[in-house]
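Asks:
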RNA sequence: GGGGGCAUAGCCCAGUUGGUUAGAGCGCUUGUUUCACAUACAAGAGGUCACAGGUUCGAGUCCUGUUGUCCCCACCA
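In our numbering, the protein residues as written are 170 to 1041.
(1) Within this structure, are the beta carbons of residue 493 and residue 418 separated by less than 7 Å?
(2) Would you kindly check if the distance between the Cβ of residue 762 and the Cβ of residue 882 is under 7 Å?
(3) Using alpha carbons as the reference points, say which of 579, 259, 713, 603 lies closest to residue 613.
(4) So residue 719 packs on residue 795, CB below 8 Å; how close in whole Å?
(5) Go through the segment 543-597 residue by residue and report every complete run of the alpha helix (DSSP H) that reaches 4 residues or more, in order.
(6) Just how far apart, CA to CA, sit residue 873 and residue 238?
(7) What residue range does the alpha helix (DSSP H) around residue 857 cover?
(8) How far does the alpha helix (DSSP H) with residue 318 in it extend, from its first residue to its last?
(9) Cα separation between residue 222 and residue 683?
(10) Please list, in chain order, all residues of the same chain as residue 280 whose beta carbon is under 6 Å from its beta carbon, the five residues on each side excluded.
(11) Which residues does DSSP pair with residue 675 in a beta bridge?
(12) What distance in whole Å lies between the Cβ atoms of residue 314 and residue 622, which are believed to be in contact at a cut-off of 8 Å?
(13) Decide yes or no for the touch test of the segment 543-558 against the segment 514-532: beta carbon pairs closer than 8 Å, at least 3 of them.
(14) According to the neighbour-count rule (16 or more other Cβ atoms, all chains shown, within 10 Å of its Cβ), is residue 176 buried or exposed?
(15) Between the beta-carbon of residue 998 and the beta-carbon of residue 1030, is there less than 7 Å?
(16) Run through DSSP, which three-state label would residue 830 get?
(17) Check this for me: beta carbons of residue 243 and residue 197, under 7 Å apart or not?
(18) In the DSSP assignment, what residue or residues form a beta bridge with residue 441?
(19) Which residues does DSSP list as the beta-bridge partners of residue 470?
(20) I'd like to confirm the pairing. Which residues does DSSP put opposite residue 964 in its beta bridges?
(21) Would you mind listing the alpha helix (DSSP H) stretches within the segment 717-790 that are 4+ residues and don't spill past its ends, in chain order?
(22) Looking only at its chain, what residues have a beta carbon closer than 6 Å to the beta carbon of residue 832, apart from the 5 residues adjacent to it on each side?
(23) State the Cα-Cα distance for the pair residue 283 and residue 697, rounded to the nearest angstrom.
(24) What residues are listed by DSSP as bridge partners for residue 206?
(25) Determine the extent of the beta strand (DSSP E) in which residue 508 is found, giving its start and end residues.
(26) From this set, 459, 393, 454, which residue's C-alpha is nearest residue 165's C-alpha?
(27) For the 8 Å Cβ check, are there 3 or more pairs between the segment 437-446 and the segment 378-396?
(28) Quick one: grab the DSSP three-state call for residue 680.
(29) What first and last residue would you give for the beta strand (DSSP E) that runs through residue 465?
(30) Pull the bridge partners of residue 932 from the DSSP assignment, please.
(31) Which same chain residues end up closer than 6 Å to residue 739 when comparing Cβ atoms and leaving out the 5 residues on each side of it in sequence?
(32) Looking at residue 187 and the ligand ADP, is the gap between the Cβ and the nearest heavy atom below 6 Å?
(33) Leaving out five residues on either side along the sequence, give the residues of the same chain with a beta carbon under 7 Å from the beta carbon of residue 959.
(34) Exposed or buried, what is residue 340 when buried is set at 16 or more other beta-carbons lying within 10 Å of its beta-carbon?
(35) Out of 650, 199, 901, which has the shortest C-alpha to C-alpha gap to residue 942?
(36) When you compare only the Cα positions, how much space is there between residue 1005 and residue 824?
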C-alpha cells in the first residue's frame, strides 16, 4: 500500500482533476439503458472572476450531479459562459479609454474584434477557476451564448416570436442609462432611497386668473410638461379641469386634465405631466392624447427642446430651473423628501425614463402558460415559497424591452429600407429591399443578454438542429440558482422553453441563498468584504471549501462564510485523511480483504448505523437537502466510525492473530469505502485520492456505484447492545474524570450485567476504552468485598475498587446528583403514563417505550439508593 | 402599499410528515503529547426554542396575534 502523509495536504487536487478529465468521466452521452439527469450550469459572465456565489452554486450542482451519476443516471452537467452584453461592453470601453480610444474611434467592426479578442483572453479564466472547485461538468459540450448554436437559436426565436406577433417595435417609455447609453429592461433597474426635495411651484392660468400649485421631485422635467392632471372627484381641483395653464420658463400653454391616477390629498392635488420622462405620465398622456416632448437627451443632458437649458446636465438644469422659478416668483416652497431613484444595475448611474423606439416582447401571452406550468407542478420551485415571488412577477409583467444600444451581442435580425421604409425580419441577411429593390441596412442594436440566456436549456443542446442530445437530455432535471436571478433568468427560461420547445425547460428549480460575510453582510466589491474562493482553495483545499459551503445550508437560505467554519471543515477532511491513513497503514500484503463471512458485534453495530446513514443521506440528497446530508456524514464519520469503530478494531489488529487482523482490515476498508462513496459528492478530491491508496490500479471512486441500503446487514439487537456498551464506557470515563483519576492509572472493575453473555463478549472494549485493567463478572454486589464506587447504566452496573482514591463525600455528591436526574426522569415519565389520554391516544409503540424507560429508571434509582445507603 | 424570510447555547447555525431527555461547529472549563490524527483525544458547563394566545394526549415544529430584524416587488407626483 502507498504511504500517506501524516497531515492532509490538498496538493493532489490538480492531479486528480486531470485524472478525471483524461478518463472522460464527466462526459455524458445519450444512452437508452439509463435515465438521463441533466443540469444546465448557469453560465458565468466572461467578464467574471470566481466569487463565493459561484463557489456555492457550483458546489451544490456538483454534489447533485456526482450523486446522480453514482446513483446510475446518465448525468449531464453542461457548462458554459455568457457573453454578458452590457457588462462586457462596459469593460471593453473602459479598457479602450485607457488607450485613449472610444467606440467611435474604432468603429463597430473594430470594436467587435476587440471584444472577441477579449473573450478569448479572459473568457477561459472563469472556466479554469471553476475547475479548481472540482466541477464535474462535461467540458466537451461547453457552450457560449454567442457561439454558433446559441446564436442560431437566438435568430430562430426572434423570427418565430416576430412572426407570431410576440415581438414588436415601437415608441414606448423605457429605462435609459445615460452612462451605458442604452435602453434597459425593468429588471435591470435597481432602486435605492435617496434624500431629495419636493419642490412646490405655481403654474399660472393662461387667462391670468389665478394659478395651480404643483409639487414635484424633478423640477427640470417641467420643460417637457404637456399637461397638469387633477382627480375629477377632487372637489377643490375639479373646477380647473379644461382650463389652460401657461407653463413657466416656456411659451407653452398646457391643459388641466382629469384623471383618476391623481391621488386626492397627496401633494397639492395637481400633478405636472411629462409624458416623455415618466412611465405613469406616459400612460396618462396616451389616455389624454397629450403631446410627448423629450427634453433630456441620450447623454443625460438637456436637448434642444429645453430652450436655454439645452446642453446642461439634468441635475445642473434642475438647479437652474429652480433658480429661475424662484426669481420669477413661481416657487412656493421646498420640502425635504426621501424617494426611490432607479439606478442601472451595471454601472449605478441614475436611470432616466425616456420615450424611445425599441423592440419589445409582448409578455402576456407568454406569461400565461408559464404561470400555468408552475401552478400545475410541471415546474416545481424548491423551496416552494419562491413560487409566490414568481407568480407575483409573472402576473404583473410588462412587455420586455429587448433592444440594447450596444455592439457586443446578438444583432437584431431586422433590416430596413431607407428608400421605401420597408422592414424585414429574417434569419438570413437581407441586402435588397423586396419591395423597392433599394439597399437594406440591418438594425444597429443588439439583444438583451438575457434573451439568449433564456434559451440556454435547449440552445446548448444544439437547438434548432434536431439531434439526439436534445431529445435525450431535454427537458432538464433541475436548475440550480440563487434567488436573485429568478426574474432575469428562471422566469424567462420557463416561458421560452414552453414557447420554443413546447415543454418546460426543467422539472425543478433549486433555489439557494447568497454567501454573506462573517457579519452577515452581502459580499460586494464596493464594501471590499468579498472573500476570494481561490485564496481559500490555496490555503485549505477545494474540498474544505466545498464542505464548508455545503454544511448548514438549507434551500433558499443565505449562509455566512467564516474562517472558523472553513477551519473546522478542513479539520474534518484531515480527520478523514488520518482515519484512512490508519486503515491503509494496517493493510498487510496477505490480508484477505473480502467481506467477512462472520461478523462480530462491533461489525454488526457499525453496519447497522452505516445502513441507516446510507438510507437517510440518499433520501436527503434526492430531496436536495444537502446541508442535512453533509451533517449526517460528518457525524457518522467522526463520532461513530473514527471515535468508536476504529478504536474497537484495534484489539483485533494488534492481537497477533492473522485471521483477526484480516477480518478487522477487511471490515475497516469496507466501511471506509462506503464512507468515501457517500462523501465523494461533497469532497471529491480527497475521497478519490484516498481511494487510490488502497483500491488497486484502475479503480475509480467517482464512477463507482452509490451505496445501497442492505437489509441483510441491519442488526437492531447488536445496535442496541452497542449503544449500551458505549453508554457504559462513557459512564466509567466520566467517573474517572470526576474522581480525577488519570487515564494512565488503570484499575480493575466488577461488572453486574443485565446481559452477561453480551457484556462478556465486549469486556475487552471496556478494558481498552475505559482504562480498566481487567473486568470481573459478578452476579451480585455482595460478591465484592472491597470498597468500591460504582456507575449504573441501563445495561450494567460497574463497581470500581479505587481504594484510597475514593472520596466518600465526593462520591455521595456524585450519586446524589445522578439520583436526582433519574428521579426527575421517573417523575416525567410517570406523569406522562398517568395521563389516560396519552395512553389511549398516543401510538402503542411510544407508550411501550415510555413504560420501558420508567421500569429501567426505577431500577436504576433503586440501585443508586442502595449505593448511597452503603456509603453511610 | 404588497409579498416573503428569520428570531433556538456566549457566537454562527441545524432541527426533514408534531412524539415528550432540543443538536452540531466555534468559543469556554478540566484532564491527556494514549503507537491514525494536538487540524487530536477524553470529560464537562451552557438553552423558560422572541412574546402572548390557540389546536392537540403531546408544540421549537401547526394556527392567530404582537414585537424586533432582514429581503424582494411596486414607485404617490
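Idealized CB from N, CA, C, for every residue including glycine.
Replies: Taking the geometry as given:
(1) Here residue 493 corresponds to residue number 324 of the first chain, with the count starting at 1. Here residue 418 corresponds to residue number 249 of the first chain, with the count starting at 1. Taking 7 Å as the Cβ cut-off, residue 493 and residue 418 qualify as a contacting pair.
(2) Against the first chain, residue 882 aligns to sequence position 713. Against the first chain, residue 762 aligns to sequence position 593. For residue 882 and residue 762, no; Cβs fall outside 7 Å.
(3) On the first chain, residue 613 is found 444 positions in, with the first residue counted as 1. When only C-alpha atoms are compared, the closest one is 579.
(4) One-based indexing of the first chain puts residue 719 at position 550. One-based indexing of the first chain puts residue 795 at position 626. Sure, about 5 Å apart at Cβ, within 8 Å.
(5) Runs of the alpha helix (DSSP H) inside the segment 543-597: 555-564.
(6) Position 704 of the first chain, counting from 1, holds the residue named residue 873. Position 69 of the first chain, counting from 1, holds the residue named residue 238. So the two alpha carbons sit approximately 9 Å from each other.
(7) Walking along the first chain from the start, residue 857 turns up at place 688. Segment 853-863, the alpha helix (DSSP H) holding residue 857.
(8) Sequence index remark: in the first chain, residue 318 carries index 149 (1-based). Residues 317-332.
(9) Translated into the one-based positions of the first chain, residue 222 becomes position 53. Translated into the one-based positions of the first chain, residue 683 becomes position 514. Looking at the two C-alpha atoms, the distance is approximately 6 Å.
(10) Residue 280 sits at position 111 when you count from the first residue of the first chain. Closer than 6 Å at the Cβ level, and outside the excluded window around residue 280, lie 272, 576.
(11) Counting from one through the first chain, the residue named residue 675 turns up at place 506. Under DSSP, the beta-bridge partners assigned to residue 675 are 645.
(12) Taking the first residue of the first chain as position 1, residue 622 is located at position 453. Taking the first residue of the first chain as position 1, residue 314 is located at position 145. The pair is a contact, with the Cβ atoms about 6 Å apart (cut-off 8 Å).
(13) Short answer: they don't touch.
(14) As a working note, residue 176 is residue 7 in the first chain. Exposed, because fewer than 16 other Cβ atoms sit within 10 Å of the Cβ of residue 176.
(15) Here residue 998 refers to the residue found at position 829 when the first chain is read from its first residue. Here residue 1030 refers to the residue found at position 861 when the first chain is read from its first residue. Their beta carbons are not under 7 Å apart, which means residue 998 does not touch residue 1030 by this criterion.
(16) Along the first chain, read from residue 1 onward, the residue named residue 830 stands at position 661. Of the three classes helix, strand and coil, the one that applies to residue 830 here is helix, per DSSP.
(17) Against the first chain, residue 243 aligns to sequence position 74. Against the first chain, residue 197 aligns to sequence position 28. Closer than 7 Å, so yes.
(18) Counted from its first residue, the first chain places residue 441 at position 272. Per DSSP, 397.
(19) Here residue 470 is taken as the residue at index 301 of the first chain, counted from 1. DSSP lists 482 as the bridge partner or partners of residue 470.
(20) Here residue 964 corresponds to residue number 795 of the first chain, with the count starting at 1. Beta-bridge partners of residue 964 (DSSP): none assigned.
(21) Within the segment 717-790, the complete alpha helix (DSSP H) runs of at least 4 residues are 732-755.
(22) Indexing the first chain from 1 puts residue 832 at position 663. Closer than 6 Å at Cβ, skipping near neighbours: 765.
(23) In the first chain, the residue the question calls residue 283 occupies position 114. In the first chain, the residue the question calls residue 697 occupies position 528. Approximately 30 Å between the Cα atoms of the pair.
(24) As a first step, residue 206 must be located in the first chain, where it is residue number 37. Per DSSP, 244.
(25) Sequence index remark: in the first chain, residue 508 carries index 339 (1-based). Judged by DSSP secondary structure, residue 508 falls within the beta strand (DSSP E) whose first and last residues are 500-513.
(26) No answer is possible for residue 165: the residues shown for the chain start at 170 and end at 1041.
(27) A contact exists between the segment 437-446 and the segment 378-396.
(28) Taking the first residue of the first chain as 1, we reach residue 680 at position 511. In the structure shown, residue 680 sits in a strand (DSSP, three-state: E or B).
(29) Sequence index remark: in the first chain, residue 465 carries index 296 (1-based). For residue 465, there is no enclosing beta strand (DSSP E), as DSSP gives it neither H nor E.
(30) Reading the first chain from its first residue, position 763 is the one you call residue 932. Residue 932 pairs with nothing; no bridge assigned.
(31) Taking the first chain and counting its residues from 1, one reaches residue 739 at position 570. Counting only Cβ-Cβ distances below 6 Å, and skipping sequence neighbours, we find 709, 713.
(32) Ligands are entirely absent from the displayed structure, and the ligand ADP is therefore not among its contents.
(33) Mapped onto the first chain, residue 959 falls at position 790. Taken in chain order, the residues that qualify are 966, 967, 968, 969, 1036.
(34) By one-based count along the first chain, residue 340 stands at place 171. Classification for residue 340: exposed.
(35) Start at 1 with the first residue of the first chain, and residue 942 comes out as number 773. Selected option, being the one with the closest Cα: 901.
(36) Position 836 of the first chain holds residue 1005. Position 655 of the first chain holds residue 824. C-alpha separation (whole angstroms): 55 Å.
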